[in-house]
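Asker:
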Amino acid sequence: MGFSLSSFFEMKALPLSAITFFVSIGFASLLSFISPYTASKGLETGGKFFFIMYAIFTLISRPLTGKLFDRKGDNIVMVPSFVLFAAGLCLLGFSDSNIAVLASGALIGMGFGTFMSCSQAIVIKLSPADSIGKANSTFFIFMDLGVGLGPLLLGKVIPLLQFSGMYELLAVVMLMCLVSYHFLHGRYVSAHQKNQLALQQHLNN
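Per UniProt numbering, the sequence shown runs over residues 1 to 205.
1. In or out: Asp130 buried (at least 16 other Cβ within 10 Å) or exposed?
2. Which of helix, strand or coil does DSSP assign to Asp96?
3. Starting from the N-terminal side, write out each stretch of the alpha helix (DSSP H) that is 4 residues or longer and does not extend beyond the stretch 55-140.
4. Roughly how many whole angstroms lie between the Cα atoms of Gly73 and His182?
5. Count the other CB atoms within 10 Å of the CB of Leu5; is the residue buried (16 or more) or exposed (fewer)?
6. Name the residue from Gly155, Met116, Pro128 and Ala86 whose alpha carbon lies nearest to the alpha carbon of Phe140.
7. Per DSSP, what kind of secondary structure is Lys41 in: helix, strand or coil?
8. At the level of alpha carbons, what is the spacing between Asp70 and Ala121?
9. At the level of alpha carbons, what is the spacing between Phe27 and Ile52?
10. Please state the DSSP three-state secondary structure of Phe8.
11. For Gly148, count the other beta carbons within 10 Å of its own beta carbon; 16 or more makes it buried, fewer makes it exposed. Which is it?
12. Do Ile19 and Leu170 have their C-beta atoms within less than 9 Å of each other?
13. On the criterion of 16 or more Cβ atoms from any shown chain inside 10 Å, does Lys134 qualify as buried, or is it exposed?
14. Starting from the C-beta of Ala86, find all residues in its chain whose C-beta is less than 6 Å away, skip the five residues before and the five after it, and write them out in chain order.
15. Look at the alpha carbon of Lys67 and the alpha carbon of Pro159, and state the distance between them as a whole number of angstroms.
16. Out of Val189, Leu91, Ser29 and Pro80, state which residue places its alpha-carbon closest to the alpha-carbon of Gly155.
17. Among Ser104, Ile76, Leu84 and Val189, which has the Cα closest to the Cα of Leu91?
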């Protein structure tokens, strides 16, 4: 049997998994650099409690976004997740107080936390029933690559832009991921939902 990409990756999962790679680089920046960044600005308290704030708002938001995801479809939660993550990174880059650092943790918890759970659900939904395991594997391979390679790649950026500039750049990257999401998945979901609504209205008439 010859080698093929589809032997190792679920092809329908690749577009969103590729986006997940770049989103995970954004999260890797927090895992690796939040402590030295906040210490460099004298905001150690904010850095110490950043991930607690992140966890609280992830825990609060996921049940709500899960219900919206089930009832209203993918875009209603995915689009805000990119925006919130970008806003959190941008706020973090401009932070000059512990309150701002904690607020960025809250925004990122709602943004990245929502993205991870809902994007995985979309990947599973798009994949054939007999390829769910391979779809999950594809998704987590790209996520792990982003988390693993992120610090290495960002380490080349920090000397040029400093920590603040790195987070501001990553905020732009998250917005670019939103644009990519729209063209690779979101617009097709919107078209499908419009067709479903038109069909329902036709049946009601």
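Glycine included, each C-beta is placed from N, C-alpha and C at the ideal position. As the structure is a prediction and not an experimental result, all values here were calculated from the model.
Answerer: Concretely, from the data shown:
1. exposed
2. coil
3. 75-94 and 98-126
4. 14 Å
5. exposed
6. Met116
7. coil
8. 10 Å
9. 15 Å
10. coil
11. exposed
12. no
13. buried
14. Ala171, Met174 and Leu175
15. 43 Å
16. Ser29
17. Ser104
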